[in-house]
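For reference, the structure is listed below as structure tokens.
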Amino acid sequence: MKDSLEFRTEFLKNKCGLSGKALISASKYLTFDSSNTRPDSVLELFRTFGFTQPNITRIISIRPRFLQSYNPVNFFKPKLDFLLSIELTRAEVVAIVTQNPPVLESSLNNHIIPLLKLIESTTGNSRNAVAILKCSPYVLTDNPKSFLLNANFLRALDVPHSQILKLLKAHGGLFGKPHNKFRKAVLKLKDMGFDLDSSYFLNALHALCIGSDATWESRCMLFRSFGFSNDEILSMFKKLPVIMCLKENHINEKMEFFLKKLQWTPSRLSTNPWVLNYSLEKRTIPRCSVLQVLVLTYSTSESYMLSSILAMTDRKFVKEFVSAHKDEVPEVMEAYQGKLKFDEYTFKQKRQFNLQSSGIN
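Residues 103 to 463 in our numbering are what the sequence shown spells out, letter by letter.
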């Protein structure tokens, strides 16, 4: 007979689809054995409702205790049925719960229903509220008290109703942040000169709320170490708020590439911070490698700024810089696929490849 740990491991692997660290962690955390029928009952409820195997794998990976801690019929089913009753389709309920499994642990009468009423009053009607749930499932686990305080605070600052709706759809979870943190972030952005009716404000508020004061200061110190002034850091944040959320090792790698290899200045990067949001491996280096090949073969007389080239869609870049030259310069395909090493010295020579100097140096 299998011991309990072995049974749980096989159950989680074969019936729930768990693997790797999630499998090891859940196997040790849970305590059920072969005599317990609840785990199968939970999975049966999910499958009957319409959850697919990938849905179940994600849910159990995030909340393994669902398998043993709750009676599925008494605890999960009423919440699933309620979500169905508010003009959500079965597929939409599945998507919401899969994205935000903790919603099934929230009290239906003390949390979900009161919160939904708050969302309705904030957005104007039930149709808007349902639209918010579809776009931002995490709003369903917001703290109702924080939600009310934060929504009222935005209204007190005369933030337009349409802007509040956009914020709820894009980052509904922010309304559940502690009010002091939320208020401090909004006022900080206001002091920075953000227009509270702009999309930049929405993204900047998200960036500040998911980070901490320590994270903000550490990113500022990191940028200063590369020669950026406080004004340049603020300029980058205003144009690309997510820049303060990038991991330090990613910032270091991109600074190494743009400042040292391409010899851009902090001033130029602060003017075009969007290039820092692109993947070096998947976008920036392959495109620079293609340009390098064209430099060596003098195969184009087009004039572009590098920042514009990096901003192009994949389809447009391939059409203009790969497909247009692959017959006479087959190496462009290898360069685009990452098979040729990028040589920054050759790239910077430019020669007859007439890239505007303002985009390269």
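C-beta atoms are modelled at their ideal positions from N, C-alpha and C, and glycine is treated no differently.
Local conformation of residue i per DSSP, three classes
{"i": "Gln170", "result": "helix"}
{"i": "Arg140", "result": "helix"}
{"i": "Leu251", "result": "helix"}
{"i": "Val261", "result": "coil"}
{"i": "Ile188", "result": "coil"}
{"i": "Thr200", "result": "helix"}
{"i": "Glu430", "result": "coil"}
{"i": "Thr239", "result": "Contrary to the premise, residue 239 reads as Pro rather than Thr in this sequence. The answer is helix: DSSP assigns Pro239 an H, G or I state."}
{"i": "Phe303", "result": "helix"}
{"i": "Lys443", "result": "coil"}
{"i": "Gly278", "result": "helix"}
{"i": "Glu108", "result": "helix"}
{"i": "Met346", "result": "helix"}
{"i": "Trp376", "result": "helix"}
{"i": "Asn245", "result": "coil"}
{"i": "Ser369", "result": "helix"}
{"i": "Ser403", "result": "Confidence at Ser403 is low in this model, with a pLDDT of 49, below 50, so its placement is unreliable and no value can be given for it."}
{"i": "Phe296", "result": "coil"}
{"i": "Phe151", "result": "helix"}
{"i": "Cys311", "result": "helix"}
{"i": "Phe95", "result": "Nothing can be reported for residue 95, as the shown portion of the chain is limited to 103 through 463."}
{"i": "Phe113", "result": "helix"}
{"i": "Ser228", "result": "helix"}
{"i": "Leu382", "result": "helix"}
{"i": "Leu364", "result": "coil"}
Residues near residue i in its chain [Cβ-Cβ closer than 8 Å; skip 5 each side]
{"i": "Ser223", "result": "none"}
{"i": "Lys292", "result": "Leu259 and Leu298"}
{"i": "Leu342", "result": "Pro375, Trp376, Leu378 and Asn379"}
{"i": "Ile158", "result": "Cys118, Gly119, Leu145, Phe148 and Arg149"}
{"i": "Phe360", "result": "Trp366, Leu371, Val377 and Leu378"}
{"i": "Asp304", "result": "Sequence check: residue 304 is Leu here, not Asp. Only Gln265, Lys268, Leu269, Ala272 and His273 meet the Cβ criterion."}
{"i": "Ile234", "result": "Ile221, Thr225, Val241, Leu267, Leu270, Lys271 and Gly274"}
{"i": "Leu250", "result": "Leu220"}
{"i": "Pro388", "result": "Ala437, Tyr438, Gln439 and Gly440"}
{"i": "Phe153", "result": "Ile161, Val196, Val199 and Thr200"}
{"i": "Lys283", "result": "Cys311"}
{"i": "Ala253", "result": "Leu220, Thr224, Ile266 and Phe277"}
Span of the alpha helix (DSSP H), counted from its first residue to its last, around residue i
{"i": "Gly122", "result": "Gly122 to Tyr131"}
{"i": "Lys421", "result": "Unbroken run through Lys421: none, as it is neither H nor E."}
{"i": "Pro216", "result": "Ile215 to Thr225"}
{"i": "Glu319", "result": "Asp315 to Ser327"}
{"i": "Val395", "result": "Ile387 to Thr399"}
{"i": "Pro156", "result": "Gln155 to Ile164"}
{"i": "Met338", "result": "Asn332 to Lys341"}
{"i": "Ser409", "result": "Leu408 to Ala413"}
Beta-carbon contacts of residue i that lie in its chain and below 7 Å, excluding the five residues immediately before and after
{"i": "Ile312", "result": "Cys347"}
{"i": "Leu186", "result": "Arg192 and Val195"}
{"i": "Ser337", "result": "Ser372"}
{"i": "Ser163", "result": "Leu120 and Ala124"}
{"i": "Ala309", "result": "Pro343, Val344, Met346 and Cys347"}
{"i": "Phe330", "result": "Pro368 and Ser372"}
{"i": "Arg110", "result": "Ser129, Leu132 and Phe134"}
{"i": "Pro262", "result": "Asp299"}
{"i": "Ala287", "result": "Leu307, Leu310 and Cys311"}
{"i": "Lys290", "result": "Leu310"}
Beta-carbon proximity list for residue i, same chain, < 6 Å, skipping 5 on both sides
{"i": "Glu436", "result": "Leu442"}
{"i": "Leu169", "result": "Pro141 and Val144"}
{"i": "Lys181", "result": "Leu206 and Leu210"}
{"i": "Ile214", "result": "Ser208"}
{"i": "Lys384", "result": "none"}
{"i": "Phe423", "result": "Val392"}
{"i": "Val434", "result": "Val392, Val395, Val424, His427 and Lys428"}
Below-8 Å beta-carbon distance, residue i vs any chain B residue
{"i": "Pro216", "result": "Annotation note: the requested chain B is absent from the structure, which comprises a single protein chain."}
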